[in-house]
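Chain order of the listed sequences is A and B.
Letter by letter, the first sequence follows residues 2 to 113 in the numbering used here.
Letter by letter, the second sequence follows residues 8 to 121 in the numbering used here.
Each residue gets a CB set at the ideal place from its N, CA and C atoms; glycine is no exception.
Following: one structure in structure tokens, then a few remarks.
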Amino acid sequence: GQSLEQPSEVTAVEGAIVQINCTYQTSGFYGLSWYQQHDGGAPTFLSYNGLDGLEETGRFSSFLSRSDSYGYLLLQELQMKDSASYFCAVPKLTGGGNKLTFGTGTQLKVEL
Amino acid sequence: NAGVTQTPKFQVLKTGQSMTLQCAQDMNHEYMSWYRQDPGMGLRLIHYSVGAGITDQGEVPNGYNVSRSTTEDFPLRLLSAAPSQTSVYFCASSWTSGSSYEQYFGPGTRLTVT
């Protein structure tokens, strides 16, 4: 089976930097994805790491270490609108598609 | 493009009733899937399809049926609703190739079974 572990909740102040960790146990690993979900909304794709190292997209960065089965999402210059749940996920390729297994999510609260 | 659309947004069923959740996408994606999300949890895969006429089971398929007669539509049928199926249901679609495996999610259907 596959499992992904994340902290359940993280709190940070506006303007700060926060890191959300994800450790995984999976077979047939291709890479690590991150999704954002606001309350009542749909998950939206943030990033994907297929190789070790850091991927940067604006204020968000994501890191992967395959040897440690570990990744993280880094959010800089936090804004109130970043308050949301963040999920790591691993795609499993299967006959033309990719099945996603999600972690249980980290709820980020940004305070003034 | 409308992206991924789902209907209805909200639904209340009595135990034993059946219904179909609709999902459509206009991005010509080959891959479509259904997830359920229970409070405080991540999404779990119910069924998926890699193209018209091809479907397969995900992690939690029991109590649900799917079919894929066109590229655009992927309905999810609840055969005999149970309170354990109270959840938020998300449909998603994606390309079958590409480097990021990005999936596009619909707005969800919030289902309550009493």
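Would you give the residue range spanned by the beta strand (DSSP E) that residue i belongs to?
i: Ser34 of chain A; result: 33 to 38
i: His54 of chain B; result: 50 to 58
Under three-state DSSP, which class holds residue i?
i: Ser91 of chain B; result: helix
i: Lys93 of chain A; result: strand
i: Lys82 of chain A; result: helix
i: Lys100 of chain A; result: strand
i: Glu6 of chain A; result: strand
i: Val67 of chain B; result: coil
i: Ile18 of chain A; result: coil
i: Phe61 of chain A; result: strand
Chain B partners of residue i, CB-CB under 7 Å?
i: Tyr8 of chain A; result: Position check: residue 8 of chain A holds Pro in this sequence, whereas Tyr was assumed. Chain B residues near Pro8 of chain A: none, gap ~13 Å exceeds 7 Å.
i: Ala43 of chain A; result: Phe97, Phe112, Gly113, Pro114, Gly115
i: Thr105 of chain A; result: Met48, Gly49
i: Ser34 of chain A; result: Tyr108
i: Phe88 of chain A; result: Gly49
i: Phe46 of chain A; result: Glu109, Gln110
Please list, in chain order, all residues of the same chain as residue i whose beta carbon is under 8 Å from its beta carbon, the five residues on each side excluded.
i: Arg67 of chain A; result: Phe30, Asp53
i: Gly32 of chain A; result: Tyr49, Asn50, Gly51, Leu52, Leu65, Val91, Pro92
Tell me which same chain residues have a C-beta within less than 6 Å of the C-beta of residue i, skipping the five on either side of it?
i: Leu55 of chain A; result: Ser62, Phe64
i: Ser34 of chain A; result: Tyr49, Ala90
i: Arg75 of chain B; result: Ser56, Ala59, Thr62, Phe81
Measuring from the CB of residue i, is there a heavy atom of the ligand NAD at a distance below 7 Å?
i: Ile61 of chain B; result: Looking at this structure, you won't find the ligand NAD or any other ligand, since it has none at all.
Short check: CB of residue i to CB of residue j, under 8 Å?
i: Met39 of chain B; j: Ser25 of chain B; result: no
i: Gly49 of chain B; j: Thr105 of chain A; result: yes
i: Val120 of chain B; j: Ala88 of chain B; result: yes
i: Thr27 of chain A; j: Tyr36 of chain A; result: no
Below 7 Å CB to CB, which residues in the same chain sit around residue i once its five sequence neighbours on both sides are set aside?
i: Gln18 of chain B; result: Met26, Thr116, Leu118
How would you list, in chain order, the residues of chain A whose beta-carbon sits under 7 Å from the beta-carbon of residue i?
i: Ser107 of chain B; result: Tyr49
i: Ser101 of chain B; result: Asn99
Below 8 Å on C-beta distance, what does residue i contact in chain B?
i: Asn22 of chain A; result: Correct list: empty, because the minimum Cβ distance to chain B is about 15 Å.
What does residue i touch in chain A if you count any residue whose Cβ is under 9 Å from its own?
i: Gly65 of chain B; result: Lys100
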